[in-house]
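J.:
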Amino acid sequence: MNQGNAKSDPAGSTWDGEVVRVLTCGSVDAGKSTLIGRLLFDLGLVADDQVTALERDTRRTRFAFEGMDFSLLLDGLEAEQQQGITIDVAYRYIRTAARKLIIADTPGHEQYTRNMACGASVSDVAIILVDAQKGILPQTRRHTLIANLFGVRHAILIVNKIDAVDYSEPAFDTITRQFAQYAGGLDYKSVVSIPVAALEGENIVKRTGSTPWYRGPTLVEYLDTIDITRERMTRAMRLPVQSICRTEGTRAIAGTVASGTLRVGDLIGISGTKIETRVARLLGPSGDRPFAVAGESVMALFADEVDLSRGDMLHGPDDRPVFADQFSGRLLWMSEEHLVPERSYLLKIGTRTVPVSITKIKHQIDVDTGAHIARTFLGLNEIAECNFSVSVPISLDSFNKYPETGCFILIDRTTNDTVGAGTVMFALRRATNIHPHRFEIDKRLRASAKGQEPVVIWFTGLPGSGKSTIGNLVEQKLYAVGRHTYLIDGDNIRGGLNRDLGFTEEDRVENIRRAAELARLFADAGLIVIVALISPYRADRRQARELIGDGEFIEVFVDTPIAVCRERDPKGLYAKADRGELSNMTGIDQPYEAPEHPEIRLTTADKTADELADQVIEFLRERRAISLA
Amino acid sequence: MSQKLPSHLAALESEAIFILRETAAELSKPVLLYSIGKDSSVLLHLALKAFFPAQPPFPLLHVDTNWKFREMISFRDDTARRLDLELLVYTNRDGLDRGINPFDSGSSLHTQIMKTEALKQSLRLHGFDAAIGGARRDEERSRAKERIFSLRSAEQGWDPRRQRPELWSLYNCRLQTGESLRVFPLSNWTELDVWEYIRCEDIPVVPLYFAKARPVIERDGMLIMVDDDRIRLRPDEQIVSRSVRFRTLGCYPLTGAVESSATTVDDIIVELSASRQSERAARAIDNDEIASMERKKRDGYF
Chain A
0 MNQGNAKSDP AGSTWDGEVV RVLTCGSVDA GKSTLIGRLL FDLGLVADDQ
50 VTALERDTRR TRFAFEGMDF SLLLDGLEAE QQQGITIDVA YRYIRTAARK
100 LIIADTPGHE QYTRNMACGA SVSDVAIILV DAQKGILPQT RRHTLIANLF
150 GVRHAILIVN KIDAVDYSEP AFDTITRQFA QYAGGLDYKS VVSIPVAALE
200 GENIVKRTGS TPWYRGPTLV EYLDTIDITR ERMTRAMRLP VQSICRTEGT
250 RAIAGTVASG TLRVGDLIGI SGTKIETRVA RLLGPSGDRP FAVAGESVMA
300 LFADEVDLSR GDMLHGPDDR PVFADQFSGR LLWMSEEHLV PERSYLLKIG
350 TRTVPVSITK IKHQIDVDTG AHIARTFLGL NEIAECNFSV SVPISLDSFN
400 KYPETGCFIL IDRTTNDTVG AGTVMFALRR ATNIHPHRFE IDKRLRASAK
450 GQEPVVIWFT GLPGSGKSTI GNLVEQKLYA VGRHTYLIDG DNIRGGLNRD
500 LGFTEEDRVE NIRRAAELAR LFADAGLIVI VALISPYRAD RRQARELIGD
550 GEFIEVFVDT PIAVCRERDP KGLYAKADRG ELSNMTGIDQ PYEAPEHPEI
600 RLTTADKTAD ELADQVIEFL RERRAISLA
Chain B
0 MSQKLPSHLA ALESEAIFIL RETAAELSKP VLLYSIGKDS SVLLHLALKA
50 FFPAQPPFPL LHVDTNWKFR EMISFRDDTA RRLDLELLVY TNRDGLDRGI
100 NPFDSGSSLH TQIMKTEALK QSLRLHGFDA AIGGARRDEE RSRAKERIFS
150 LRSAEQGWDP RRQRPELWSL YNCRLQTGES LRVFPLSNWT ELDVWEYIRC
200 EDIPVVPLYF AKARPVIERD GMLIMVDDDR IRLRPDEQIV SRSVRFRTLG
250 CYPLTGAVES SATTVDDIIV ELSASRQSER AARAIDNDEI ASMERKKRDG
300 YF
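Order-wise, the sequence lines are chains A and B.
Using numbering that gives the first Met the number 0, you'd call the opening residue of the first sequence number 0 and step up by one each time.
Using numbering that gives the first Met the number 0, you'd call the opening residue of the second sequence number 0 and step up by one each time.
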């Protein structure tokens, strides 16, 4: 049989390129088809006879001086759509010099949210197109938000038709700034903008010289170098068990490493049990191997006889998943039949399928504005934050940190249709065996004795941003008008209640949890509670909000640029960190995740602390949290 | 242990293995549709790897139209014997009895009866609830939007409106009585990926893929190989010897050869990289009419 002698032929060594999955968003008006057509053409992927046909068709449809119509290169999906043929997500495959691109394209407007979510869930990068003449539109924000909610962590804004605004650098800068500001409030790891003239091909594959002021990469240069795998490999290990293989007396588990690295000899645990064992042997698709990284399928054999079955989650010793039966998450509803809270659906998460019900729709997220809307049911293509209750405890990871294991779908138990898709935000560790005694005197009575409404005013921001200073002034102003208050800050809880906690990520999470519980009790006592904590993680602040209740939780983002904080440095922390004497400092070597939708945003750069405190008081007055005499 | 795969092939391989294992874990009676071509060869290779050291937990099924190239049939039987796999071969007896053939019945009816109908009959006969196939999204335009797990009704029809949204790698494999799934582990592979994988993994393929002097006739703009004496020459047709190979394999009277001098996998990869023709251009059945594949799929074609 003729097999060729590939391996012995040095010239025949196989091309090697990382797979990058790309979502394209933008209307046809923004020039999406032209962009992709131009990309194919400039990469030399268009056949000679197609070029000839293109020149002919272009002459038929356009004036010669406009150049070739590259949108004609696409394979007629738009035409199919006109014939009433359903297209949800269409995939194209393009090779650049260094990468294999899998492009998910979601044409059409019908079912747009659902289709975009499907494309986004399998994509690393989103290409978001805008027309330079029109700038950022509501749909741009919608695309950017949906892509991010379903897992895209890198955004490329293509400012197309830059030729139509005379290759104007200021026009590009304005759009770039607006976009960066919006995307900056979301969970993107990288956001770039590229000025493009798709018709002439500027900055797609080549530079034609018409935007000499632009110093960044072309679209293809960017796609060829973007790093999308390292992060997945360095997270803690997760391996959902797919199946058990028994052969020749051995028992192996089959599965794909979802995140991190699994090595022979590693200690692994099974979520929800105290069982631990070591990896005795790893078989990759091509035989024994010493380790496997995220994305690789393996068979693993263990040192001990352990009882495992499909659906179990294996994890390494660090950063274990939470094992719980309730969680908070975001849900996209994809069925024409409304989502009914408390109705039983099936939840498929990892390799596990269990009954689930939605216990509460916390709020719908308006995909155009990001606003929260109170709802009692959910309709087709609506996205909401909900609480979920599963029939048995399951392994839970937050989607932010573990996108591979923190996602799920919902299945209708009668039709078997996939009716929802969502992401885990955090587990709800509700104490299930404690039945609180109902006291006769409740929060409302306690508060009314003080003539006030209890609220929790939660200040968050970088170290040195001014949280405590402003919080202090707010408390003074409230005290001056006879309000009953309490201020919780790092200094008064870390010295006592939280003395046992350090500054690692886990300890910070616990620190916030306890502070939130404390604030809840004080609010229950009828007090106006002021919390001033860095509280760097969005998920934890969300959990505090969840605990205290949306109506009583007021998030105040003290928005001070890090340069200003560093200059102020009231506690000398930045100086210490710079000298290397302080590790785990937020803003230096620990991230600070700015709030997406704080009730109040205080920009401190141009106002006095007193003015800012007044801003908070004014908000409380509008909320009728305090009725000042 | 073979040498390390290029990263795109390693990623595609892992994805396909995950899909195969998911199918075996969630469905009660899957089958691998083995059509003998290069994609089936890759699919079978992946199935062997996915369950190694155990054998794949499903049999192979070949729907034989009775018009496949002879070399395909001998390759098929050798492969099943060499790997010690269960191979089911199904032919639509009723179609044969009615004398359906590509010449008198036309390509469209022949395909409908001997392929589409035969496939449905065989799946029903054995009660398979999932048929794993080697179709790729880059093959043809209407495949670009196909799901990896594609739902078929109890009548085995494909209703575009009932296809389930697919997010992440969370495939919904739940079925109601009579429904079945078609599963496509090679969805994200291109023709070039397939050949590169064949090269890296040394996967045997039918020799018809490699150029050789073969007896051909020119018919309706295609080069048709004279594989046996059923060809029925038209008065103006002459059998000539040309150096040809096949990019896809099907029923020999319906499968056009391409002129080529590619005699090795390396040559094919070089040829493909410079290729100016789409892969299925030489398949008569796709050129019937616009959106023909879409219509065939609704009828239950693979």
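Here a beta-carbon is modelled for each residue, glycine too, at the ideal position from N, C-alpha and C.
Report the rounded CA-to-CA distance for T23 of chain A versus L34 of chain A, giving the unit in angstroms.
T.: Distance between the alpha carbons of T23 of chain A and L34 of chain A is about 10 Å.
J.: Contact between the region 256 to 264 of chain A and the region 220 to 236 of chain A: three or more CB pairs below 8 Å?
T.: Yes, they touch.
J.: Could you name the residues of chain A that Q155 of chain B contacts, counting a contact when the two beta carbons are closer than 7 Å?
T.: Those do not exist, as Q155 of chain B stays about 17 Å from chain A at its closest Cβ, beyond 7 Å.
J.: Any contact between the region 220 to 233 of chain B and the region 13 to 31 of chain B? By contact I mean 3 or more CB pairs, one from each, below 8 Å.
T.: In short, these stretches do not touch, since the Cβ pair count stays below three.
J.: Tell me, to the nearest whole angstrom, how far the beta carbon of A267 of chain A is from that of G315 of chain A; I am working on the premise that it is less than 8 Å.
T.: Residue identity check: residue 267 of chain A is Ile in the sequence provided, not Ala. Indeed, because the Cβ distance is near 6 Å, the residues count as touching under 8 Å.
J.: So Y33 of chain B packs on L19 of chain B, CB below 8 Å; how close in whole Å?
T.: No, Y33 of chain B and L19 of chain B are not in contact; Cβ-Cβ is about 14 Å, not under 8 Å.
J.: Keeping to the same chain, check which residues put their C-beta closer than 8 Å to that of E516 of chain A; ignore five residues upstream and five downstream.
T.: Excluding sequence neighbours, E516 of chain A sits near L546.
J.: Tell me which same chain residues have a C-beta within less than 6 Å of the C-beta of G184 of chain A, skipping the five on either side of it?
T.: These residues qualify, in order along the chain: E595.
J.: Do D137 of chain B and Y187 of chain A come within 7 Å of each other at the CB atom, strictly closer than that value?
T.: No, they are not a contact pair.
J.: Identify each residue in the region 169 to 203 of chain B for which the Cβ-Cβ distance to at least one residue of chain A is less than 7 Å, and report them in chain order.
T.: Per Cβ criterion, the list reads L169, N171, R173, L174, Q175, N187, T189, E195, R198, C199, D201, P203.
J.: Since R113 of chain A meets chain B, which of its residues come closer than 8 Å, beta carbon to beta carbon?
T.: What R113 of chain A touches in chain B: P164.
J.: Out of A:M115, A:A196, A:G286, point me to the one whose CA is closest to D68 of chain A's CA.
T.: Closest by alpha carbon: A:A196.
J.: Spatial neighbours of D523 of chain A within its chain, please: C-beta separation below 7 Å, excluding the five flanking residues on both sides.
T.: Excluding residues within five positions, the ones whose Cβ falls inside 7 Å are K442.
J.: Tell me whether V193 of chain B is buried or exposed, calling it buried when 16 or more other Cβ atoms sit within 10 Å of its Cβ.
T.: When all chains shown are included, V193 of chain B counts as buried.
J.: Using 7 Å as the limit for Cβ to Cβ distance, is P29 of chain B near chain A?
T.: Answer no: the Cβ-Cβ gap between P29 of chain B and chain A never drops below 7 Å.
J.: Against chain B, which members of the region 265 to 290 of chain A pass a CB distance test of less than 9 Å?
T.: Flagged, chain order: L282, G283, P284, S285, G286, D287, R288.
J.: For A251 of chain A versus M298 of chain A, is the C-beta distance shorter than 7 Å?
T.: Taking 7 Å as the Cβ cut-off, A251 of chain A and M298 of chain A qualify as a contacting pair.
J.: Going along the chain, which unbroken runs of the alpha helix (DSSP H) with 4 or more residues stay wholly within the region 522 to 587 of chain A?
T.: Correct list: 537 to 547, 561 to 567, 572 to 577.
J.: Look at N510 of chain A and N497 of chain A and say whether their C-beta atoms are less than 7 Å apart.
T.: Yes, the pair counts as a contact, with Cβ atoms nearer than the cut-off.
J.: Should I193 of chain A and L218 of chain A be called a contact, given that it needs their Cβ atoms to be closer than 7 Å?
T.: Yes, the pair counts as a contact, with Cβ atoms nearer than the cut-off.
J.: Quick one: what does DSSP say M333 of chain A is sitting in, helix, strand or coil?
T.: If DSSP states are grouped into helix, strand and coil, M333 of chain A belongs with coil.
J.: Just to confirm the assignment, what range does the alpha helix (DSSP H) spanning A256 of chain B have?
T.: Premise fails: A256 of chain B lies in the beta strand (DSSP E), 255 to 258, not in any alpha helix (DSSP H).
J.: Taking 7 Å as the cut-off, decide whether the C-beta atoms of F102 of chain B and R233 of chain B are in contact.
T.: No. Outside cutoff.
J.: Can you tell me the Cα-Cα spacing of R213 of chain B and G36 of chain A, whole angstroms?
T.: The alpha-carbon atoms of R213 of chain B and G36 of chain A are separated by roughly 38 Å.
J.: Which chain A residues are close to D137 of chain B, counting only those with a beta carbon under 7 Å from its beta carbon?
T.: Near D137 of chain B (Cβ distances below 7 Å), the residues of chain A are Y92.
J.: List the DSSP bridge partners of D287 of chain A.
T.: D287 of chain A is bridged to A:L282.
J.: Could you tell me the alpha carbon to alpha carbon distance between I410 of chain A and R163 of chain B, rounded to whole angstroms?
T.: I410 of chain A and R163 of chain B: Cα-Cα distance of roughly 10 Å.
J.: Between D311 of chain A and chain B, is there a C-beta pair that is closer than 7 Å?
T.: So no, D311 of chain A is outside the interface.
J.: Taking all protein chains shown into account, do 16 or more other C-beta atoms lie within 10 angstroms of the C-beta of L444 of chain A, making it buried, or fewer, making it exposed?
T.: It is exposed - the Cβ of L444 of chain A has fewer than 16 other Cβ atoms within 10 Å.
J.: I want to verify the contact list: residues of chain B whose CB lies under 7 Å from the CB of T255 of chain A, in sequence order.
T.: Chain B residues near T255 of chain A: S13, F17.
J.: Under 8 Å Cβ-Cβ, which residues of chain B neighbour A89 of chain A?
T.: Ordered by position in chain B, the residues that pass the 8 Å Cβ test against A89 of chain A are A143, K144.
J.: Tell me which same chain residues have a C-beta within less than 6 Å of the C-beta of E17 of chain A, skipping the five on either side of it?
T.: Closer than 6 Å at the Cβ level, and outside the excluded window around E17 of chain A, lie R98.
J.: Bridge partners for W457 of chain A per DSSP, in chain order?
T.: BP columns for W457 of chain A point to A:V530, A:E554.
J.: So, at 8 Å on beta carbons, what are the nonlocal neighbours of V19 of chain A in its own chain, with the 5 sequence-adjacent residues on each side left out?
T.: For V19 of chain A, where only same-chain residues beyond five positions count, the Cβ hits under 8 Å are R98, K99, L100, I101, D123, V124, L222, I225, I227.
J.: Between A49 of chain B and the rest of its own chain, which residues show a CB-CB distance below 6 Å, the 5 nearest in sequence each way excluded?
T.: Excluding positions up to five away in sequence, the list reads I16, L19, R20.
J.: Are any of the Cβ atoms in chain A nearer than 7 Å to that of A256 of chain B?
T.: Not an interface residue.
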